[in-house]
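Numbering (our numbering), first residue to last: 87 to 608.
Put into structure tokens, the structure is as follows:
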């Protein structure tokens, strides 16, 4: 299907091919300059690799800024190695040997895609191409019109070429496509006539209405899923994921085979329901408390950054004022030095100006040191505040987890009491309830039943401790990361500011050194 000469050896996309392709688009003077300075593929926006007998897509990761890529008329069998081309808008893979649409997930900006004249039998794996406007997939192996339904997700699709596929021979082909893609302007290189659109909508109204209903349901389900995921992410930042409800209670009994058997004993079901109700109440209290503490932490961080901005803004304004005053007072100094009456006078004036520059440097550095001291106090106060927040949070969480342990211990005691009572009745043949055989097997002796109850209890205590540990470690990690980020930001700010001052002073001194002064008298 490819138009390339199959008698040739397949080509590899190597640096030599890429350099040649890039050079072909440049004028001679730019080409010579590029060769002298070296190639920087990162800045290339368009690349043409047509008619080169390429078998495999490779080595394009360097083209970070690429927006247009032509790979048509080759012998490519698979769409791959395009994931780094995230700015691609136009992609031509026509006249190749591609059988499956794949490898396009990261090309979210793609607007124009051509897969014309390949071996594709199904339209798929294009969900992320939401910006697609032009799609050419004519002369492939598409046999069923259901492929067209997939294209309904592309709301910006206006131009579509399907001509040359087997399903184009079906009598209702055009009406089916137009009805299912109501936003289509051009189909198979022709403008969609209003009359055609009216007939298509009329003929397929029932099917399209059904599709719209299904799509609306799917969209609602997706939005609900996304909302839940967003809520879960928020809960994770507050360290309360899965605390609102019965999840923790259910997790205690997940994979606890002993507890599952004990649940059949008379009276245990009521005991479990009571435990569940009390535990959910404790979890809800913990959930609400942690959410409020999260808001408090966010507010503390926000207040700190607001205070930081105010201090930095005031310092920056003072720095600007000092520089503007200096420049205003000295804007004619270089001209005065240049037009001095003598060489000695000029040298004296230059030395004086150099002293003023050094004084400016000292003033700006002093201002920066004052800023460092001021921010150091601000950061220390912030660290004290978040240390108090962390300490209060951990104490209260430990208290609530103690309530959970107390509930577990009381439940354990009652469960043990019921289990021993049931054992005694079983041994005396006074047990009225019918129990499964595997449950009756545990009603053998006191040691067996006690071991089973204790094992279940220990599993629960371990899970409680693990959940408590997760919450506390998350809090400690938050405190450490916030402190580290604040300190690193201040180090970076200070370093950059000092560089700015040095650079500014160096520029002034360079201007002074380059000032033209009168020649000395002979």
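Beta carbons are placed, not taken as given, at the ideal position from N, Cα and C, and that holds for glycine.
Between the Cα of residue 191 and the Cα atoms of 458, 308 and 211, which residue gives the shortest distance?
Among 458, 308 and 211, the Cα nearest to that of residue 191 is on 211.
If I'm right that residue 94 touches residue 145 with Cβ under 8 angstroms, what's the distance once you round it to whole angstroms?
Actually they do not touch by this definition, with Cβ atoms about 19 angstroms apart.
Residue 367 bridges to which residues according to DSSP?
DSSP lists no partner for residue 367.
According to DSSP, which residues form a beta bridge with residue 241?
BP columns for residue 241 are empty, so no partner.
Quick one: using the 10 Å Cβ neighbour count with 16 as the cut-off for buried, is residue 483 buried or exposed?
Counting Cβ neighbours within 10 Å, residue 483 comes out buried, since at least 16 surround it.
If you count every other CB in all the chains shown that lies within 10 Å of the CB of residue 594, and 16 or more means buried, which is it?
That one is buried.
From residue 188 to residue 232, what does the alpha carbon distance come to, in whole angstroms?
Approximately 19 angstroms, taken between the alpha carbons.
Evaluate contact between the segment 433-441 and the segment 536-553, counting only Cβ atoms and requiring at least three cross-stretch pairs below 8 angstroms.
Contact between the segment 433-441 and the segment 536-553 is absent, because fewer than three Cβ pairs lie under 8 angstroms.
Between residue 208 and residue 186, what straight-line distance do the alpha-carbon atoms span, to the nearest angstrom?
In a straight line, the C-alpha of residue 208 is about 7 angstroms away from that of residue 186.
When the distance is taken between beta carbons, is residue 267 closer than 9 angstroms to residue 238?
Closer than 9 angstroms, so yes.
Exposed or buried, which one is residue 224 when buried takes at least 16 other CB atoms within 10 Å?
That one is buried.
Tell me which residue opens and which closes the alpha helix (DSSP H) that residue 200 is part of.
No alpha helix (DSSP H) contains residue 200, which is instead part of the beta strand (DSSP E) from 198-200.
From which residue to which residue does the beta strand (DSSP E) around residue 222 run?
From DSSP, the beta strand (DSSP E) with residue 222 extends over 220-222.
If we count the other Cβ atoms within 10 Å of its Cβ and call it buried at 16 or more, is residue 577 buried or exposed?
Counting Cβ neighbours within 10 Å, residue 577 comes out exposed, since fewer than 16 surround it.
Below 7 angstroms CB to CB, which residues in the same chain sit around residue 241 once its five sequence neighbours on both sides are set aside?
Answer for residue 241: 269, listed in chain order.
CB-CB under 8 angstroms to residue 404, same chain, minus the five flanking residues each way: which ones, in chain order?
If we look at residue 404 and ignore the five residues flanking it on each side, its Cβ neighbours are 453.
For the alpha helix (DSSP H) that contains residue 311, what are its first and last residues?
Taken as a continuous stretch (DSSP letters only), the alpha helix (DSSP H) holding residue 311 covers 291-323.
With distances taken between CB atoms, is the gap from residue 342 to residue 505 smaller than 9 angstroms?
Contact flag unset, no.
Check residue 475 in the structure and name its three-state DSSP category.
It is helical.
For the alpha helix (DSSP H) containing residue 105, list its first residue and its last residue.
Element bounds for residue 105: 101-109.
Can you tell me which residues form a DSSP beta bridge with residue 155?
133 and 177, per the DSSP bridge assignment.
Pick from 512, 217, 250 and 134: whose alpha carbon is nearest that of residue 244?
Ranking 512, 217, 250 and 134 by Cα distance to residue 244 puts 217 first.
Over the uninterrupted alpha helix (DSSP H) stretch that includes residue 555, give me the two end residues.
Element bounds for residue 555: 532-599.
Specify whether the segment 322-336 and the segment 360-373 touch according to this definition: at least 3 beta carbon pairs, one from each stretch, less than 8 angstroms apart.
Touching, yes.
Could you pull the start and end residues of the alpha helix (DSSP H) that residue 526 belongs to?
First-last of the alpha helix (DSSP H) with residue 526: 523-526.
Output needed for residue 287: all residues of its chain with C-beta closer than 6 angstroms, excluding positions within five of it in sequence on either side, in chain order.
Excluding sequence neighbours, residue 287 sits near 265.
Measure the Cβ-Cβ separation of residue 502 and residue 540 and say whether it is below 9 angstroms.
Yes, Cβ-Cβ distance for residue 502 and residue 540 is below 9 angstroms.
What are the boundary residues of the alpha helix (DSSP H) that includes residue 210?
Where residue 210 is concerned, there is no enclosing alpha helix (DSSP H), given that its DSSP letter is neither H nor E.
Please list the terminal residues of the continuous alpha helix (DSSP H) segment that includes residue 232.
From DSSP, the alpha helix (DSSP H) with residue 232 extends over 232-236.
In terms of alpha-carbon separation, which member of 134, 325, 561 and 148 lies closest to residue 374?
That would be 325, whose Cα lies nearest to the Cα of residue 374.
Which of the three DSSP states, helix, strand or coil, is assigned to residue 94?
If DSSP states are grouped into helix, strand and coil, residue 94 belongs with coil.
Residue 561 and residue 347 - do their beta-carbons sit closer together than 9 angstroms?
Result no, Cβ atoms of residue 347 and residue 561 do not sit closer than 9 angstroms.
Buried or exposed, going by whether 16 or more other CB atoms sit within 10 Å of the CB of residue 351?
With 16 or more other Cβ atoms within 10 Å, it is buried.
With 16 other CB atoms within 10 Å as the buried threshold, where does residue 222 fall?
By the 10 Å Cβ count, residue 222 comes out buried.
So, under 8 angstroms CB-CB, residue 512 and residue 529 are touching, yes? Tell me the CB distance rounded to an integer number of Å.
That belief holds up - the Cβ atoms of residue 512 and residue 529 are roughly 4 angstroms apart, short of 8 angstroms.
Roughly how many angstroms separate the alpha carbons of residue 416 and residue 440, rounded to a whole number?
Roughly 11 angstroms between the two C-alpha positions.
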